[in-house]
Amino acid sequence: MPDAHDASILSAGSYGAVFNALSFATAAMLAGTLFFFYSRSQVGFKYRPALLVSALVTAIACYHYFRIFNSWIEAHSVITTGSDIGSYALTQTTFNDAYRYMDWLLTVPLLLVELVAVLSLSKEVSRGLLGKLAVAAFFMIALGYPGETSQNLVVRSIWGTLSTIPFVYILTVLWGQLGKSLDSQPDTVKPLVKGARLLTLASWGFYPIAYMIPLLGSSLSYSGKEIGLQVGYTVADVIAKVGLGVFIYFIALAKTANDAKTGAATFEESSALIAA
Ligand SMILES: *C/C=C(C)/C=C/C=C(C)/C=C/C1=C(C)CCCC1(C)C
């Protein structure tokens, strides 16, 4: 039985904070999936794939959050005797960090598809851009993982720094390309594109910050590190996936309305919109 000085004990409040964050994210991802999937019919045909990709991202994340949530439960058990009664101790089952990284390997390239779709580039140019960004995303995630699973803070810092190189590359390219696209976006769409750009920068920027929390050193308890990391990644995930999806939905809606006005919509679309 662990004693009161055991660094790996979680208070009921700390355990609950992560438990609730994971549960909330599972629900948010499910709600996002249903919303993005069923709102496709409200936008023009060419914008539907982007909404479908949003739904795929949240569906994949919903599955992983369900697994992470269960892993969190299995990795801790409530202490029933002694002075720490009511707190939580680690069990023999280790909490599985790999679910998040597996999730990112799938969802980050799909989020890049959503963001590049907003640019309305020609097929060839967007394919080339997406290829470069996807390769960078792979390295960002693959280089972060060895640091995430290491207990050694020096090792964590080195991998974290290496992972930051492709990370900065991705954000710089996206920021520039989205900025360049503003000139060709309809007026009603411009503020939405700016919003999507800011939301992406802010939410993606949150991951390396959460990653650095355990680097605050030995002064931080197991519970402090684990809460910072898990709640931090969870909040960032909900904003980066559901939040971006909502922006993509509004961008698609505004572009659909604009196409109808300028006559760029197909005949079927125009009549469907008039009927609606
Ligand atoms: C839906 C999931 C998303 C948008 C995940 C994004 C993840 C990152 C931007 C992760 C970045 C990292 C660094 C820049 C350095 C430290 C290691 C990572 C992998 C946490």
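With our numbering, the residue at position 160 of the sequence shown is 368, and numbering never jumps.
Each residue gets a CB set at the ideal place from its N, CA and C atoms; glycine is no exception.
A quick note: this is a predicted structure, and the numbers were derived from the prediction, not measured.
Is residue i buried or exposed, if buried means 16 or more other CB atoms sit within 10 Å of its CB?
i, result
"residue 422", "buried"
"residue 335", "exposed"
"residue 493", "This structure cannot settle anything about residue 493, because the visible part of the chain is limited to 209 through 484."
"residue 265", "buried"
"residue 363", "exposed"
"residue 251", "buried"
"residue 249", "exposed"
"residue 285", "exposed"
"residue 209", "In this prediction, residue 209 scores a pLDDT of 39, lower than 50, which makes its location untrustworthy; no coordinate-derived value is stated."
"residue 212", "The predicted position of residue 212 is uncertain, since its pLDDT is 39 and thus under 50; a value taken from the coordinates is nonetheless stated next. Exposed is the call here."
"residue 461", "buried"
"residue 451", "buried"
"residue 471", "exposed"
"residue 359", "exposed"
"residue 431", "buried"
"residue 357", "exposed"
"residue 290", "exposed"
"residue 222", "buried"
"residue 302", "exposed"
"residue 384", "exposed"
Which residue wins for smallest C-alpha separation from residue i, given the options the options?
i, options, result
"residue 340", "315, 349 and 374", "374"
"residue 352", "450, 367 and 225", "367"
"residue 411", "379, 401 and 301", "379"
"residue 489", "466, 416 and 424", "Absent from the structure is residue 489, since the part of the chain shown begins at 209 and ends at 484."
"residue 569", "467, 328, 401 and 217", "Outside the displayed range of the chain (209 to 484) lies residue 569, so it cannot be described from this structure."
"residue 263", "305, 455 and 329", "455"
"residue 326", "369, 390 and 346", "390"
"residue 220", "461, 293, 230 and 356", "293"
"residue 533", "354, 392 and 382", "Examination of residue 533 is not possible in this model, given that the chain is present from 209 through 484 alone."
"residue 241", "342, 401, 420 and 268", "268"
"residue 387", "338, 432, 323 and 254", "323"
"residue 372", "437, 254, 413 and 438", "413"
"residue 318", "385, 247 and 449", "449"
"residue 228", "277, 407, 253 and 337", "277"
"residue 418", "438, 401, 408 and 407", "438"
Quick one: does residue i have its CB under 8 Å from some CB of chain B?
i, result
"residue 412", "Given the protein chain composition of this structure (a single chain), no chain B is represented."
Strictly by DSSP, which residues pair up with residue i?
i, result
"residue 284", "298"
"residue 423", "The partner list for residue 423 (beta bridge, DSSP) is empty, contrary to what the question assumes."
"residue 218", "296"
Practice task
Could you please go through the chain and list the residues whose beta-carbon is closer than 6 Å to any non-hydrogen atom of ligand 1?
Solution key: That gives 312, 315, 316, 319, 348, 349, 352, 368, 371, 372, 375, 412, 415, 416, 419, 445, 448 and 449.
Exercise for the section: State whether the region 295-315 contacts the region 261-277, with contact taken as three or more CB pairs (one from each stretch) at a distance under 8 Å. Expected result: yes
Handout entry: the region 388-396 contacting the region 461-471, beta-carbon criterion three pairs below 8 Å
Key = yes
Problem - the region 232-250 / the region 286-305 touching (three or more Cβ pairs under 8 Å) - result: Short answer: they don't touch.
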